[in-house]
Amino acid sequence: MTDLNLFQTTVLSEWGQDGVLEKIFDIIGTTNKFFVEFGSSGNDSGKGNTAYLRRRGFDGLLMDGSERPYNIDILDKKHEVKIEFIKASNINELFKKYNVPNEFDFLSIDIDGQDFHVWNSIDSMYIPRVVSIEMNYHIEPGIDKVMHVDENWIWPGSEQSGASVTALKKLGNKKGYSLVATCMSDAIFVRNDLVKDSDNNELFKNINDEYELVKLNTDIKEQNSKFNFDKNHFDRPLFLTSEHFL
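Here is the structure:
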């Protein structure tokens with residue numbers, strides 16, 4: 244049984260995702276080495292989740308809602324970025340537009356707020372083997388909170404956005420995935436049919452235990468584990484629980 248927390252290593256990612264993802268794929272193997280990543284500059288210095296995977300032979304689809312990726316370190320740009328404003332209502336159309344295969348190895352969602360709703364909207368015909376999704380690490384494990392649906396949402400720099408790790412775990416479990424790791428602001432899931440070996444032994448330690456997985460994540464500081472849900476920041480509606488959407 245592997246403790247993925249021990250493999251957090253940053254090569255090109257922001258918070259140790261490179262080492263965790265490398266270990267996951269070492270254990271479960273790969274199929275087509277195809278990825279889809281939302282929110283990426285397309286270069287090695289952009290701290291995305293697929294830059295290191297590309298060095299390991301992965302290829303796929305990068306999308307971002309702004310033309311800014313083309314202006315960041317343009318001489319260092321390694322991969323084309325499709326400029327698309329990603330939202331829950333268009334994600335399946337975008338997958339069809341860019342010929343995303345039904346099964347692929349890795350999905351990375353990092354769009355600063357509406358991540359929960361976009362993953363929730365992805366059609367069940369798409370079954371990535373591993374999913375990394377941005378979480379609001381300011382919210383303690385056990386608190387189920389998701390920001391409301393706002394398809395025009397652009398992150399204003401506030402911590403009052405996104406979804407808690409507990410809400411994302413519930414979404415992942417509903418979609419057939421198990422939470423296996425957290426890396427600061429990312430929750431990482433593996434599809435349920437891949438988390439056990441042929442003898443039905445779990446391959447990863449602390450599966451679906453968000454309390455332990457967050458506690459072991461040394462990048463999440465204790466002062467960031469408190470969150471105030473009483474105020475409506477930037478005139479946005481209050482957070483709801485995941486059951487409102489699932």
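Following my numbering, the numbering of the sequence shown begins with 244 at its first residue and continues without gaps.
Even for Gly, the Cβ is constructed at its ideal location relative to N, Cα and C.
| request: Give a yes or no on contact between the stretch 321 to 335 and the stretch 244 to 263, applying the rule of three or more CB pairs nearer than 8 angstroms. | output: Of all C-beta pairs linking the stretch 321 to 335 to the stretch 244 to 263, fewer than three are shorter than 8 angstroms, placing the two stretches out of contact.
| task | Would you list, in sequence order, the uninterrupted alpha helix (DSSP H) runs of no fewer than 4 residues that lie entirely inside the stretch 359 to 426? | result | 408 to 418
| Span separating the alpha-carbon of L255 from that of D393 | Residue numbering aside, residue 255 sits at position 12 when the sequence shown is read from its first letter. Residue numbering aside, residue 393 sits at position 150 when the sequence shown is read from its first letter. Going from the Cα of L255 to the Cα of D393 covers about 31 angstroms.
| field | Length of the line joining the Cα atoms of F488 and F301 | value | Along the sequence shown, one-based indexing puts residue 488 at 245. Along the sequence shown, one-based indexing puts residue 301 at 58. Approximately 33 angstroms between the Cα atoms of the pair.
| Helix, strand or coil: how does DSSP classify R187 here? | The chain is shown from 244 up to 489; residue 187 falls before or after that span and cannot be answered.
| query | Residues in its own chain within less than 7 angstroms of T253 by CB, not counting five upstream and five downstream? | reply | Counted from its first residue, the sequence shown places residue 253 at position 10. Taking T253 as the centre and dropping the five residues before and after it, the same chain places the C-beta of G259 and D261 closer than 7 angstroms to its C-beta, in chain order.
| Separation of I450 from D353, as counted between CA atoms | For the purposes of this step, residue 353 is taken as residue 110 along the sequence shown, with counting starting at 1. For the purposes of this step, residue 450 is taken as residue 207 along the sequence shown, with counting starting at 1. If you take the alpha carbons of D353 and I450, they lie about 22 angstroms apart.
| task | Spatial neighbours of T245 within its chain, please: CB distance less than 8 angstroms, with the 5 preceding and 5 following residues excluded, ordered by chain position. | result | Here residue 245 corresponds to residue number 2 of the sequence shown, with the count starting at 1. If we look at T245 and ignore the five residues flanking it on each side, its Cβ neighbours are K266, I270, L446, F447 and K448.
| said: Out of N248, E377, E346 and S309, which one is the CA nearest neighbour of V361? | reply: Numbered from 1 along the sequence shown, position 118 holds the residue referred to as residue 361. Of the candidates N248, E377, E346 and S309, the residue whose Cα lies closest to the Cα of V361 is E377.
| field | Buried versus exposed call for D440 [16 or more other C-beta atoms within 10 Å across all chains shown] | value | For the purposes of this step, residue 440 is taken as residue 197 along the sequence shown, with counting starting at 1. Per the 10 Å Cβ criterion, exposed.
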